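Chemist:
Residue numbers (the numbering used here): 27 to 452.
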């Protein structure tokens, strides 16, 4: 755990800032002339609140424009501290728009203002805004595939909130830490951190139903809705990764009952789709281990049913994405998950057809092929090749290529699919 001493804080801030900017280059953020003029009767704080409202509704372009206006307004007033706050919010909006360079510039400028601004530390709001900026940096680093750096930023933010005795801030940043740990593959530690966030015994063995229900109820009773949604989803994801699919499913369905904006609902539905896919993998393995014909038929129907369940949740996730201003880029993950599942399912069905000719309990494989081909065409003709440059985009394109290659091994379109793969990776 990092110590939040003044020297330690300054050292880590300098280290984190250098990860965003080349050494020796101070951040420069110019406000484009295309930004709409600020309404004369609106204060900078009004603009910040308006930006929050846009952001909550998934209107990220409007949020970015409004927070940029707020940063301008604070700059014109000489209020460097709150300019840094507005820039931190601006980075969040750019992250949702996947405008990664703009997001990096905004948070780097924010952190630089906080680190170099004269007498800012005398303000009672300084630590609160500093913690918010570190939170934003953590989310950016995680999105860019740097969970270790994200974890360091969130650890420092947690310690600042502890100094402030801000319970909501502590809980939120611990849940954020858990997301970074999950990305690092530290699933047990993720679970323990989530339980720590809610001040629960950090024993992650939830096989006892009474204990599981106690943990679930504690998360459900969290007063802050954002922490409740994120906490439940993180717990559900962690339980899936630990192999507890039944409880993962229960937690994620409980999360879905909490009123949430489209962006959060999209993520929860995507997580539910992933848990259903894990059930699909479970039943596939069970089918391989089952020798009795009658039992195999039952398990086979479970495999087929789980594919339908997972695709249903991926489709619902896409429907939520369509409500957002950044829907094109947000569509990618559920589309890729759906495609890779269908390709895996197609390959499994082909193996079944080799084993059992004319089995009328096996779905028509041509129907599955048709769905795969339609989805491949849709992705190739739209957003997969046009994503903004980032690690997220690279991972998405690699996922797509791996899916095509897997399908290629079981199909007759070898040359066509290989050409598709090479086109994407150019």
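Glycine is no exception: its CB is placed at the ideal position from the N, C-alpha and C atoms.
No experiment lies behind these values; they were computed from the predicted model shown.
Cβ of residue 312 within 8 angstroms of Cβ of residue 333?
Modeler: Not closer than 8 angstroms, so no.
Chemist: If you count every other CB in all the chains shown that lies within 10 Å of the CB of residue 147, and 16 or more means buried, which is it?
Modeler: Burial call: exposed.
Chemist: Go ahead and label residue 321 buried or exposed: buried means 16 or more other beta carbons lie within 10 angstroms of its beta carbon, across all protein chains shown.
Modeler: With fewer than 16 other Cβ atoms within 10 Å, it is exposed.
Chemist: Taking buried to mean at least 16 other C-beta atoms within 10 Å of its own C-beta, is residue 240 buried or exposed?
Modeler: By the 10 Å Cβ count, residue 240 comes out exposed.
Chemist: Whose CA, out of 289, 189, 272, lies closest to the CA of residue 467?
Modeler: The structure shown does not extend to residue 467, since the chain is modelled only from 27 through 452, so no value can be given for it.
Chemist: Please go through the same chain and pick out, in chain order, the residues whose beta-carbon is closer than 8 angstroms to the beta-carbon of residue 394, but skip the five residues on each side of it.
Modeler: Correct list, in chain order: 368, 371, 372, 375.
Chemist: If you draw a straight line from the C-alpha of residue 189 to the C-alpha of residue 219, how long is it?
Modeler: Residue 189 and residue 219: Cα-Cα distance of roughly 19 angstroms.
Chemist: Where residue 214 and residue 229 are concerned, what is the direct C-alpha to C-alpha distance, given to the nearest angstrom?
Modeler: Residue 214 and residue 229: Cα-Cα distance of roughly 9 angstroms.
Chemist: Please state whether DSSP places residue 68 in a helix, a strand or coil.
Modeler: Looking at residue 68 - three-state DSSP - the assignment turns out to be coil, as it is neither helix nor strand.
Chemist: Please report how far the alpha carbon of residue 331 lies from the alpha carbon of residue 344, in whole angstroms.
Modeler: About 20 angstroms.
Chemist: Specify the secondary structure class of residue 297 as computed by DSSP and reduced to three states.
Modeler: Reduced to three states, the DSSP call for residue 297 is helix.
Chemist: What are the boundary residues of the alpha helix (DSSP H) that residue 407 is part of?
Modeler: It is not in any alpha helix (DSSP H) - residue 407 carries neither H nor E in the DSSP assignment.
Chemist: Within the same chain, show all residues whose beta-carbon is closer than 7 angstroms to that of residue 120, passing over the 5 residues directly before and after it, in chain order.
Modeler: Within the same chain, residue 120 has close Cβ partners 90, 128, 129, 132.
Chemist: Once DSSP output is grouped into helix, strand and coil, what is the label at residue 349?
Modeler: Of the three classes helix, strand and coil, the one that applies to residue 349 here is coil, per DSSP.
Chemist: My assumption, with CB atoms under 8 angstroms, is that residue 298 sits in contact with residue 339. Please give the rounded CB distance.
Modeler: Residue 298 to residue 339, Cβ: 4 angstroms. Contact.
Chemist: Taking three-plus beta-carbon pairs below 8 angstroms as touching, is the stretch 201-217 in contact with the stretch 258-268?
Modeler: These segments touch.
Chemist: Would you check if there are 3 or more beta carbon pairs closer than 8 angstroms linking the stretch 159-166 to the stretch 105-120?
Modeler: Verdict: yes, contact present.
Chemist: Between the stretch 248-256 and the stretch 301-319, can you find at least three pairs of beta-carbon atoms closer than 8 angstroms?
Modeler: Result no; under three Cβ-Cβ pairs closer than 8 angstroms.
Chemist: Roughly how many whole angstroms lie between the Cα atoms of residue 153 and residue 365?
Modeler: Cα to Cα, residue 153 sits roughly 45 angstroms from residue 365.
Chemist: Can you tell me whether residue 326 is helix, strand or coil according to DSSP?
Modeler: Of the three classes helix, strand and coil, the one that applies to residue 326 here is helix, per DSSP.
Chemist: By Cβ distance below 7 angstroms, which residues in the same chain neighbour residue 92 in space, the five residues on each side in sequence not counted?
Modeler: Around residue 92: 73, 76, 77, 80.
Chemist: Can you tell me the Cβ-Cβ gap for residue 335 and residue 359, rounded? I've got them flagged as a contact below 8 angstroms.
Modeler: Going by Cβ atoms, the distance from residue 335 to residue 359 rounds to 18 angstroms, so no, they are not a contact pair.
Chemist: Please classify residue 236 as buried or exposed, where buried requires at least 16 other C-beta atoms within 10 Å of its C-beta.
Modeler: With fewer than 16 other Cβ atoms within 10 Å, it is exposed.
Chemist: Hey, would you say residue 143 sits closer than 8 angstroms to residue 201, going by beta carbons?
Modeler: Not a contact, by the Cβ cut-off of 8 angstroms.
Chemist: Give me the residue from 170, 105, 349, 327 with the minimum Cα distance to residue 378.
Modeler: Selected option, being the one with the closest Cα: 327.
Chemist: Looking at the secondary structure, which residues open and close the alpha helix (DSSP H) in which residue 204 lies?
Modeler: Segment 193-209, the alpha helix (DSSP H) holding residue 204.
Chemist: Note down the Cα distance separating residue 55 from residue 156, rounded to an integer number of angstroms.
Modeler: With a pLDDT of 45 at residue 55, under the threshold of 50, the predicted position of this residue should be treated as unreliable, though the coordinate-derived value follows. Spanning the two alpha carbons is a distance of roughly 19 angstroms.
Chemist: The alpha helix (DSSP H) spanning residue 169 covers which residue range?
Modeler: Unbroken alpha helix (DSSP H) run through residue 169: 152-169.
Chemist: Residue 38 by DSSP, collapsed to three states: which one?
Modeler: In this predicted model, residue 38 has a pLDDT of only 44, less than 50, meaning its place in the structure is not dependable; the value taken from the coordinates is given anyway. Here residue 38 sits in helix by DSSP.
Chemist: If you measure between the beta carbons of residue 199 and residue 183, is that distance less than 8 angstroms?
Modeler: It is a contact, given that the beta carbons lie within the stated cut-off.
Chemist: For residue 392, count neighbouring C-beta atoms within 10 Å of its own C-beta (all shown protein chains included) and say buried if the count is 16 or more, exposed if not.
Modeler: With fewer than 16 Cβ atoms within 10 Å of its Cβ, residue 392 is classed as exposed.
Chemist: Check the C-beta distance from residue 289 over to residue 350 and give it rounded, since I have them as a contact under 8 angstroms.
Modeler: Residue 289 to residue 350, Cβ: 6 angstroms. Contact.
Chemist: State buried or exposed for residue 347, treating a residue as buried only when at least 16 other CB atoms are found within 10 Å of its CB.
Modeler: Buried, since its Cβ has 16 or more Cβ neighbours within 10 Å.
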